[in-house]
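Okay, so here's the structure we're looking at.
2 protein chains.
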Amino acid sequence: MMEVSLIEAATWLLQQQDIGILCHQSPDGDTLGSGSALCRALRSLGKRAQVLCSDPIGKRFAFLFEGLEEQQFEPKAIVAVDVADEQLLGSLQPVYGGKIQLCIDHHPSNTHYAERWFVNPQASAACEVMYSLIPLLGVKIDIAIASDLYTGIATDTGCFQYINVTPRTFRIAAELLELGVPAPKINHAMFATKSRERLQLEREALNTVEYFRNGEIAVITLTRKMVKESGAADEDTDGIASIPRCIEGVHVGVTIKEKADDLVKVSLRAPQPYNASEICAKFGGGGHPGAAGCAIHCGVKEAKKQLVAAISQYLEEI
Amino acid sequence: MMEVSLIEAATWLLQQQDIGILCHQSPDGDTLGSGSALCRALRSLGKRAQVLCSDPIGKRFAFLFEGLEEQQFEPKAIVAVDVADEQLLGSLQPVYGGKIQLCIDHHPSNTHYAERWFVNPQASAACEVMYSLIPLLGVKIDIAIASDLYTGIATDTGCFQYINVTPRTFRIAAELLELGVPAPKINHAMFATKSRERLQLEREALNTVEYFRNGEIAVITLTRKMVKESGAADEDTDGIASIPRCIEGVHVGVTIKEKADDLVKVSLRAPQPYNASEICAKFGGGGHPGAAGCAIHCGVKEAKKQLVAAISQYLEEI
């Protein structure tokens, strides 16, 4: 296990053949965008490369893999992108756990599980790291790679809205735009498109908003019944998590998703200076200061009680 | 009436004293941001300057005027910023109509009503023009001016989401960030904060969604009763307009706001390649391709009928 420079990472990659690129489970635009960009770069060097993920790639992100036909081979080199911990590999964890040779990431919480790792916590997205790595492979960023990278940066920053945006993020975006990225089209698909089912679920969700601590905590609850009746897909539920955080006066926004009788998944969102990741850590979860998550083995009511208590204590102490 | 270069505009401004800066009615972040930035720049040169607007400045934009105490004087020079037409001055139109000596704008639809005008339709926001103009006055952009400009650019681009964003927009944003603009704080206030009343109105609005032409047209209707019962302010209703456009498969999103028994205000939103401005022009309105508006003198039902007919015809012909 050793930290490497970006040049060392590139040099190592250039020596490999048949590369498997692992994305994290419940894949987002950044893990898939860095995966597809790296895959395109390696293939352009005549290598076999394949993006691997435990979950199917939703319709929303299918465009990232346009022109990248599937290649069948036994991976000899294993790279993880935007994966903070092996646990996040989902069903790929038993297969590749302990065998990851290179990790490229931007999560400060990265657990340095890989043989060699390059983690830049100043980067808004793993795709921002990839923007620097790909030219070191001797590959010119073309419009397809640029679109992959733009997608990762845009989605991980909430379209340049979050605190992780730096001057460098904006300058990279300027250069990607000049390479011909169809940014308005990507933005529309990423940020401005909701299915009718998602809209229906949103209406249901809005009916469940509860306030605690004089409106400093807002909680939305999504039961399995609500999700089922709306016809919404699992990815539709993701965007719901940003709703409670957006209510005026709210310091911590909570979305509780019922997964089973005794299991809930929790999404926490917090504006500065509050730290959602710190709160989720109390429940064995993690993430970023602005957005974090955890799972709790109990029913919805009990989870709400525990979360409100923990967040109240956190707000008391801050 | 003559077009001037930015240097000519700056030279003229440097010769003026006691400058009134006019913003458009229902002021947004761009007209107010360019107004306050120019006002700060002129005052730093020892001139008296005052931003003038027909409507009160809402709580949301109050921060743009921090440190800009009101100055009482009879304006000798009149400048309009981000004002496409004199009609948009609201109650200031009878006072200043025909007397505007300089107009700084970015609307392609600008009607060239001012004695001298500089209009850059390639600029995402009037604030992008102001970013070039202020240094020509010999004024260094400080953090207050930078925050004003950032606010105008961010709000007019939907936080860097719309088609009007260019590489230059991103590069300016990078430089404003380096000047110390508290972008996450501004973004949170502009894009991620909804009052409880707004949330309530949103829920009501979602109940009114109607689809036409196989879901290519989506219409939301806000009656006076709904707005009143939600307790939402007029500015709360603005954001609602983006909801119908965001539904998957929708080409034109329509929001009809009932203003009186025989008056509605209409907001149209359209993703590329559809042009909301062209459709609104049929009703005597206008705006940008992505977002436009008009007023129709009739009731909600009749307005819906006319709009759906006009949009259907437009979609037929495109």
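Residue numbers (the UniProt record's numbering), protein chains in the order written: chain S, 1 to 318; chain L, 1 to 318.
By construction, the Cβ of each residue, glycine as well, lies at the ideal position given by its N, Cα and C atoms.
Proximity to residue i [Cα-Cα], best of the options
| i | options | result |
| --- | --- | --- |
| ARG60 (chain L) | L:ALA189, L:ASP18 and L:GLU3 | L:ALA189 |
| GLU175 (chain S) | S:LEU199, S:GLN161, S:ARG213 and S:ASP142 | S:ASP142 |
| ASP82 (chain S) | S:PRO244, S:GLN72 and S:CYS103 | S:CYS103 |
| LEU38 (chain L) | L:PRO56, L:PHE65, L:GLY58 and L:PRO27 | L:PHE65 |
| ALA10 (chain L) | L:ASP105, L:LEU133, L:LYS99 and L:GLU128 | L:LEU133 |
| VAL250 (chain L) | L:ILE256, L:TYR274 and L:SER267 | L:TYR274 |
| ALA123 (chain L) | L:ALA232, L:SER34, L:ILE220 and L:THR221 | L:SER34 |
| ALA49 (chain L) | L:VAL209, L:VAL95 and L:ILE19 | L:ILE19 |
| LEU268 (chain S) | S:GLU248, S:ALA260 and S:PRO244 | S:PRO244 |
| GLN25 (chain L) | L:LEU149, L:LEU68 and L:LEU89 | L:LEU89 |
| GLU86 (chain S) | S:LYS47, S:ALA114 and S:GLN161 | S:ALA114 |
| PRO94 (chain S) | S:SER54, S:HIS107 and S:TRP117 | S:SER54 |
| LYS265 (chain S) | S:CYS294, S:LEU307, S:GLN161 and S:THR208 | S:CYS294 |
| HIS112 (chain S) | S:TYR314, S:GLY231, S:VAL252 and S:MET2 | S:MET2 |
| ILE172 (chain L) | L:ASP30, L:VAL129, L:GLY67 and L:GLY58 | L:VAL129 |
| VAL181 (chain L) | L:GLY97, L:GLU216, L:VAL209 and L:ALA144 | L:ALA144 |
| LEU22 (chain S) | S:PRO56, S:ASN187, S:LYS194 and S:LYS140 | S:PRO56 |
| LEU92 (chain S) | S:LEU68, S:LEU137, S:VAL51 and S:SER109 | S:VAL51 |
| GLY299 (chain S) | S:ILE311, S:ALA260, S:LEU206 and S:ALA41 | S:ALA260 |
| ASP28 (chain L) | L:ILE318, L:CYS127, L:ASN207 and L:SER230 | L:CYS127 |
| LYS99 (chain L) | L:ALA84, L:ASN110 and L:ALA80 | L:ALA80 |
| HIS297 (chain L) | L:THR157, L:ALA125, L:PHE283 and L:ASN120 | L:PHE283 |
| ASP156 (chain S) | S:SER312, S:VAL4 and S:ASP30 | S:ASP30 |
| GLU248 (chain L) | S:GLY231, S:GLU197, S:CYS246 and S:GLU278 | S:GLU197 |
Span of the alpha helix (DSSP H), counted from its first residue to its last, around residue i
| i | result |
| --- | --- |
| TYR274 (chain S) | Note, TYR274 (chain S): premise wrong, no alpha helix (DSSP H); not H, not E. |
| ASP234 (chain L) | 234–240 |
| ASP30 (chain L) | 29–44 |
| ILE57 (chain S) | It is not in any alpha helix (DSSP H) - ILE57 (chain S) carries neither H nor E in the DSSP assignment. |
| GLY152 (chain S) | 143–156 |
| LYS191 (chain S) | It should be noted that the sequence gives Phe, not Lys, for residue 191 (chain S). Here the alpha helix (DSSP H) through PHE191 (chain S) covers 183–191. |
| residue 351 (chain S) | There is simply no residue 351 (chain S) to check, as chain S begins at 1 and stops at 318 in what is shown. |
For residue i, the first and last residue of its enclosing beta strand (DSSP E)
| i | result |
| --- | --- |
| LYS259 (chain L) | 252–260 |
| PHE73 (chain L) | PHE73 (chain L) -> no beta strand (DSSP E), and no H or E assigned at all. |
| ARG116 (chain L) | 116–119 |
| LEU307 (chain S) | No beta strand (DSSP E) contains LEU307 (chain S), which is instead part of the alpha helix (DSSP H) from 300–317. |
| LEU222 (chain L) | 217–222 |
| VAL51 (chain S) | 49–52 |
| CYS127 (chain S) | From DSSP, CYS127 (chain S) is part of no beta strand (DSSP E) but of the alpha helix (DSSP H) over 126–136. |
Where residue i falls, given that 16 or more other Cβ within 10 Å makes a residue buried
| i | result |
| --- | --- |
| SER147 (chain L) | buried |
| residue 334 (chain L) | Residue 334 (chain L) lies beyond the stretch modelled for chain L, which goes from 1 to 318, so this question has no answer here. |
| ASP262 (chain S) | exposed |
| PRO75 (chain L) | buried |
| HIS106 (chain S) | buried |
| LYS228 (chain L) | exposed |
| ALA291 (chain S) | buried |
| LYS194 (chain S) | buried |
| GLN101 (chain S) | buried |
| GLU161 (chain L) | Residue identity check: residue 161 (chain L) is Gln in the sequence provided, not Glu. The residue in question, GLN161 (chain L), is buried, as its Cβ has 16 or more Cβ neighbours within 10 Å. |
| PRO271 (chain S) | buried |
| ILE7 (chain L) | exposed |
| LEU14 (chain S) | exposed |
| GLY286 (chain L) | buried |
| HIS288 (chain L) | buried |
| SER5 (chain S) | exposed |
| ILE318 (chain S) | exposed |
| PHE73 (chain L) | exposed |
| ALA183 (chain S) | buried |
| GLY46 (chain L) | exposed |
| ALA276 (chain S) | buried |
Does the contact criterion of 3 or more C-beta pairs under 8 Å hold for the segment 293–304 of chain S versus the segment 248–263 of chain S?
yes
Three CB pairs or more closer than 8 Å across the segment 184–202 of chain S and the segment 231–240 of chain S
yes
Does the contact criterion of 3 or more C-beta pairs under 8 Å hold for the segment 204–223 of chain L versus the segment 166–180 of chain S?
no
With 9 Å as the limit, tell me which residues of the UniProt domain "DDH" (19–153) of chain S have their beta carbon closer than that to any beta carbon of chain L; keep them in chain order.
none
In the segment 220–231 of chain L, which residues sit with their C-beta less than 9 Å from some C-beta in chain S, listed in chain order?
Answer in chain order: no residues at all.
Output needed in chain order: residues of the segment 202–213 of chain S with a Cβ under 9 Å from some Cβ in chain L.
GLU202, ARG203, LEU206, ASN207, VAL209 and TYR211
Output needed in chain order: residues of the segment 173–193 of chain S with a Cβ under 8 Å from some Cβ in chain B.
In the structure shown, chain B does not exist; the protein chains are S and L.
Please list the residues of the segment 246–279 of chain S that have a C-beta atom closer than 7 Å to any C-beta atom in chain L, keeping them in chain order.
CYS246, ILE247, GLU248, PRO271 and GLN272
Which residues, in chain order, does the segment 297–317 of chain S contribute to contact with chain L at a C-beta distance below 7 Å?
none
Any residues in the segment 231–244 of chain L with a beta carbon nearer than 7 Å to a beta carbon of chain S? Which ones, in chain order?
none
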